[in-house]
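Chemist: Counting in my numbering, the sequence shown runs from 861 upward without gaps.
Note that CB positions come from ideal geometry on N, CA and C, so glycine has one too.
The structure follows.
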Amino acid sequence: MRDSKSEPKRGAPDFQLLILTLLLVGFGIVMVFSSSSSITLVSEKFGYDLMYFTKRQVIFGGAGLILMFITMNIPYNKFKKLFVPIFIVTIIMLILVPILADDIFGAKSWFMIFGLGVQPTELAKIATILYLAALISKKGDRFRDLRTGYIPVMVIVGFVAGLIMLQPDFGSCMILVATAGLIIFAGGANLKHILGSIALLILGASIVLGANALWDKISPGETASSGGDYKIGRIKSFIDPWEDPQHTGYNLIHSLTALGHGGITGAGFGQGIQKLHYLPNSYNDFIFSVIGEEFGFIGSIIFLLFYIYFIWRGLLVSLRCSSTFGLLTGVGIMGLIAIQAFVNIGGVTRTIPITGVTLPFISYGGSSLLVMMGAMGIVLSISRDSSLPSKQERTKSVVVKEASYELSSPRRRQL
861 MRDSKSEPKR GAPDFQLLIL TLLLVGFGIV MVFSSSSSIT LVSEKFGYDL
911 MYFTKRQVIF GGAGLILMFI TMNIPYNKFK KLFVPIFIVT IIMLILVPIL
961 ADDIFGAKSW FMIFGLGVQP TELAKIATIL YLAALISKKG DRFRDLRTGY
1011 IPVMVIVGFV AGLIMLQPDF GSCMILVATA GLIIFAGGAN LKHILGSIAL
1061 LILGASIVLG ANALWDKISP GETASSGGDY KIGRIKSFID PWEDPQHTGY
1111 NLIHSLTALG HGGITGAGFG QGIQKLHYLP NSYNDFIFSV IGEEFGFIGS
1161 IIFLLFYIYF IWRGLLVSLR CSSTFGLLTG VGIMGLIAIQ AFVNIGGVTR
1211 TIPITGVTLP FISYGGSSLL VMMGAMGIVL SISRDSSLPS KQERTKSVVV
1261 KEASYELSSP RRRQL
């Protein structure tokens, strides 16, 4: 008979989800090379190095892989306590960003550390997910109460979202709020409270955009110089990008041109035209446009189906978790990836206004890749405990069969 103490206390990580994550990161590195090499090869700024961004993405991917394996081997329940220092550090960084960060494209979102850009907003998304999952699982049924359960949660979400808007980063703020809403819904919040929050959110956004438009009319020169009207410009370009093709509509027009040039089968890997100094940030915000141009409609559909299966697999693993904290954390992380992917792809295809966020695991960006791979490590940790009950049942079955065999053997009957 086997010694039950020798059995592992945790199950194996979900193999499919692990492989899917690595394949996405690998494909992202390939597309970063394709979309950036033609730019860096002829630029003195990048040392005429066609591998400039690719090498950095490989380094970030390697560091992310180490981080993913670390978080994968930490029991996910440990994050109920670990989220506190993570959340505190995140809040401090978000407070310091508008003060110390450099202004890049009208936003202060990056710290420069040892020549590398660090974006605290990416960490804030995961910190908020862990905070909400821990708080909701702790409150239990009390979470449905408006005063003691729902309002404290919304205050935290509003506080973090407000700090992000100070940068300003409307896209990341919207993604954070949508992800928080998904966790709150999955946590069993009262539907009336959720609908009321949505109404307040729409009202608040309308007031902010209206005030922006009014200020634009009063002092258009100051607004333009400070970049304060970028949100209005993106909405206008979404409605009609050809109204101002050289300014507000420039990025979207070239994105749509890239997708149109790809046609059904694509121009071929590395054969895209719009990435050749036409489409800005082709290796970052508009990397899906490069995918569409080089692999065409068929290639884009295959990529999207792969991405959807990856998200579905992560959600399935999370929903199998018996712990409320694990379930909400997994759903929050996979929901974050799905929402951010939709916002990125929706923007470059003119489904929704452009917000300037990365495509998870695919776009160039150290902070995004590191945080996303670390987050996937947490989901894989959840999958290890999700697979444990089935393993225990199989072990129990083997033990019972061995005991039955020993009792029914001739030698046992003779004894």
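Can you give me the Cβ contacts of Gly1122 inside the same chain, cut-off strictly under 6 Å, excluding the 5 residues immediately before and after it?
Modeler: Your numbering for residue 1122 matches position 262 in the sequence shown. Correct list, in chain order: Gly1152, Glu1153 and Gly1156.
Chemist: Mind listing, in chain order, the continuous alpha helix (DSSP H) runs of no fewer than 4 residues lying wholly within the region 1164-1218?
Modeler: 1184-1208, all fully within the region 1164-1218.
Chemist: Please report the residue range of the alpha helix (DSSP H) in which Glu982 lies.
Modeler: For the purposes of this step, residue 982 is identified with residue 122 of the sequence shown, where counting begins at 1. Unbroken alpha helix (DSSP H) run through Glu982: Pro980 to Lys999.
Chemist: Looking at the structure shown, is Gln1106 part of a helix, part of a strand, or coil, going by DSSP?
Modeler: Locating residue 1106 in the sequence shown gives position 246, where the first residue counts as 1. In this structure, Gln1106 counts as coil in the three-state DSSP scheme.
Chemist: Report buried or exposed for Lys940, applying the criterion of at least 16 other Cβ atoms within 10 angstroms of its Cβ.
Modeler: The sequence position of residue 940 within the sequence shown is 80, counting from 1. Buried.
Chemist: Would you check if there are 3 or more beta carbon pairs closer than 8 Å linking the region 1200-1213 to the region 883-900?
Modeler: In short, these stretches do not touch, since the Cβ pair count stays below three.
Chemist: Can you give me the C-alpha to C-alpha distance between Arg1094 and Gly1216, rounded to a whole angstrom?
Modeler: Locating residue 1094 in the sequence shown gives position 234, counting from the first residue. Locating residue 1216 in the sequence shown gives position 356, counting from the first residue. Their Cα atoms are separated by approximately 10 Å.
Chemist: Out of curiosity, what's the CA-to-CA distance linking Gln1027 and Lys1052?
Modeler: For the purposes of this step, residue 1027 is taken as residue 167 along the sequence shown, with counting starting at 1. For the purposes of this step, residue 1052 is taken as residue 192 along the sequence shown, with counting starting at 1. Straight-line Cα distance between these residues: approximately 32 Å.
Chemist: What distance in whole Å lies between the Cβ atoms of Leu1219 and Leu877, which are believed to be in contact at a cut-off of 8 Å?
Modeler: Within the sequence shown, the letter at position 17 stands for residue 877. Within the sequence shown, the letter at position 359 stands for residue 1219. That pair is no contact at about 19 Å.
Chemist: Does the distance from the C-beta atom of Gly871 to that of Thr1039 stay below 8 Å?
Modeler: Stepping through the sequence shown from its first residue, residue 871 is reached at position 11. Stepping through the sequence shown from its first residue, residue 1039 is reached at position 179. Their beta carbons are not under 8 Å apart, which means Gly871 does not touch Thr1039 by this criterion.
Chemist: For the region 1174-1182 against the region 1141-1151, are there 3 or more C-beta pairs whose distance is under 8 Å?
Modeler: They do not touch, by the three-pair rule.
Chemist: Examine the ligand MN and report whether any of its heavy atoms sits within less than 7 Å of the Cβ of Leu1188.
Modeler: In the structure on display, the ligand MN does not appear, and there are no ligands present to speak of.
Chemist: Would Thr1117 pass as a contact of Leu990 if the rule is Cβ separation under 8 Å?
Modeler: As a position in the sequence shown, residue 1117 is number 257, starting the count at 1. As a position in the sequence shown, residue 990 is number 130, starting the count at 1. Going by C-beta atoms, Thr1117 is not nearer than 8 Å to Leu990.
Chemist: If you reduce the DSSP assignment to three classes, tell me which class Arg870 lands in.
Modeler: Walking along the sequence shown from the start, residue 870 turns up at place 10. Of the three classes helix, strand and coil, the one that applies to Arg870 here is coil, per DSSP.
Chemist: For a test of the three-state rule: what should DSSP assign to Lys1135, helix, strand or coil?
Modeler: In the sequence shown, the residue the question calls residue 1135 occupies position 275. Of the three classes helix, strand and coil, the one that applies to Lys1135 here is coil, per DSSP.
Chemist: Taking C-alpha atoms, which residue in Lys1096, Tyr1110, Trp1102 and Leu1042 lies nearest to Ser1197?
Modeler: Within the sequence shown, numbered from 1, the residue matching residue 1197 stands at position 337. A quick correction: the sequence has Ile, not Ser, at residue 1197. Selected option, being the one with the closest Cα: Leu1042.
Chemist: Touching or not, the region 1218-1234 and the region 920-927, by the rule of three or more beta carbon pairs under 8 Å?
Modeler: The region 1218-1234 is in contact with the region 920-927.
Chemist: For Gly1123, which three-state DSSP category applies?
Modeler: Taking the sequence shown and counting its residues from 1, one reaches residue 1123 at position 263. DSSP places Gly1123 in coil when its eight states are reduced to three.
Chemist: Quick one: give me the first and last residue of the alpha helix (DSSP H) that Arg916 is part of.
Modeler: Translated into the one-based positions of the sequence shown, residue 916 becomes position 56. Tyr912 to Met932 is the span of the alpha helix (DSSP H), which, as asked, contains Arg916.
Chemist: Mind checking Pro873: buried by the 16 CB within 10 Å criterion, or exposed?
Modeler: What you label residue 873 is simply residue 13 of the sequence shown in a count that begins at 1. Classification of Pro873: buried, given that the 10 Å Cβ count is 16 or more.
Chemist: In angstroms with no decimal places, state the Cα-to-Cα distance between Phe1170 and Pro980.
Modeler: Taking the first residue of the sequence shown as 1, we reach residue 1170 at position 310. Taking the first residue of the sequence shown as 1, we reach residue 980 at position 120. Each residue's Cα considered, the two are about 26 Å apart.
Chemist: In chain order, what are the residue ranges of uninterrupted alpha helix (DSSP H) at least 4 long that sit wholly in the region 999-1025?
Modeler: Counting only runs of 4 or more, we get 1011-1025.
Chemist: Within 10 angstroms of the Cβ of Asp1029, are there 16 or more other Cβ atoms? Answer buried if so, exposed if not.
Modeler: Position 169 of the sequence shown, counted from the start, is the residue given in the question as residue 1029. Burial call: buried.
Chemist: Could you tell me which of Val944, Gly1128, Gly1195 and Ile1035 sits nearest to Leu1176, measuring between CA atoms?
Modeler: Taking the sequence shown and counting its residues from 1, one reaches residue 1176 at position 316. Considering only alpha carbons, the answer is Gly1195.
Chemist: Report yes if the C-beta distance between Phe913 and Val885 is below 8 Å; otherwise report no.
Modeler: Translated into the one-based positions of the sequence shown, residue 913 becomes position 53. Translated into the one-based positions of the sequence shown, residue 885 becomes position 25. Taking 8 Å as the Cβ cut-off, Phe913 and Val885 do not qualify as a contacting pair.
Chemist: Relative to the C-alpha of Pro1101, which residue among Leu1006, Thr931, Pro1213 and Ile959 is closest?
Modeler: The residue labelled residue 1101 in the question sits at position 241 within the sequence shown. Of the candidates Leu1006, Thr931, Pro1213 and Ile959, the one whose C-alpha sits nearest the C-alpha of Pro1101 is Pro1213.
Chemist: Can you tell which of Phe943, Pro945 and Leu983 has its C-alpha closest to the C-alpha of Val957?
Modeler: Within the sequence shown, residue 957 is the residue found at index 97, counting from 1. Cα-wise, what sits closest to Val957 is Leu983.
Chemist: For Phe1003 and Ile1044, what's the separation of their Cα atoms in angstroms?
Modeler: Taking the sequence shown and counting its residues from 1, one reaches residue 1003 at position 143. Taking the sequence shown and counting its residues from 1, one reaches residue 1044 at position 184. If I take the Cα positions, the gap works out to 9 Å.
Chemist: Tell me whether Arg1007 is buried or exposed, calling it buried when 16 or more other Cβ atoms sit within 10 Å of its Cβ.
Modeler: Here residue 1007 refers to the residue found at position 147 of the sequence shown. Looking at its Cβ environment, which holds fewer than 16 other Cβ atoms inside 10 Å, Arg1007 is exposed.
Chemist: What did DSSP end up calling Tyr936 once you bin it into helix, strand or coil?
Modeler: Residue numbering aside, residue 936 sits at position 76 when the sequence shown is read from its first letter. Here Tyr936 sits in helix by DSSP.
Chemist: If Ile1024 sits next to Val1013, beta carbons under 8 Å apart, how far is it from one beta carbon to the other, in whole angstroms?
Modeler: In the sequence shown, residue 1024 corresponds to position 164, counting from 1. In the sequence shown, residue 1013 corresponds to position 153, counting from 1. With 8 Å as the limit, Ile1024 and Val1013 do not qualify as a contact, their Cβ atoms being about 17 Å apart.
Chemist: In chain order, what residues of the same chain lie with their CB nearer than 6 Å to the CB of Gly888, ignoring the 5 residues before and after it?
Modeler: As a working note, residue 888 is residue 28 in the sequence shown. So the qualifying residues of the chain are Phe1221 and Ile1222.
Chemist: At the level of alpha carbons, what is the spacing between Phe875 and Leu1139?
Modeler: Here residue 875 refers to the residue found at position 15 of the sequence shown. Here residue 1139 refers to the residue found at position 279 of the sequence shown. Straight-line Cα distance between these residues: approximately 37 Å.
Chemist: On the criterion of 16 or more Cβ atoms from any shown chain inside 10 Å, does Tyr908 qualify as buried, or is it exposed?
Modeler: Along the sequence shown, read from residue 1 onward, the residue named residue 908 stands at position 48. Counting Cβ neighbours within 10 Å, Tyr908 comes out exposed, since fewer than 16 surround it.
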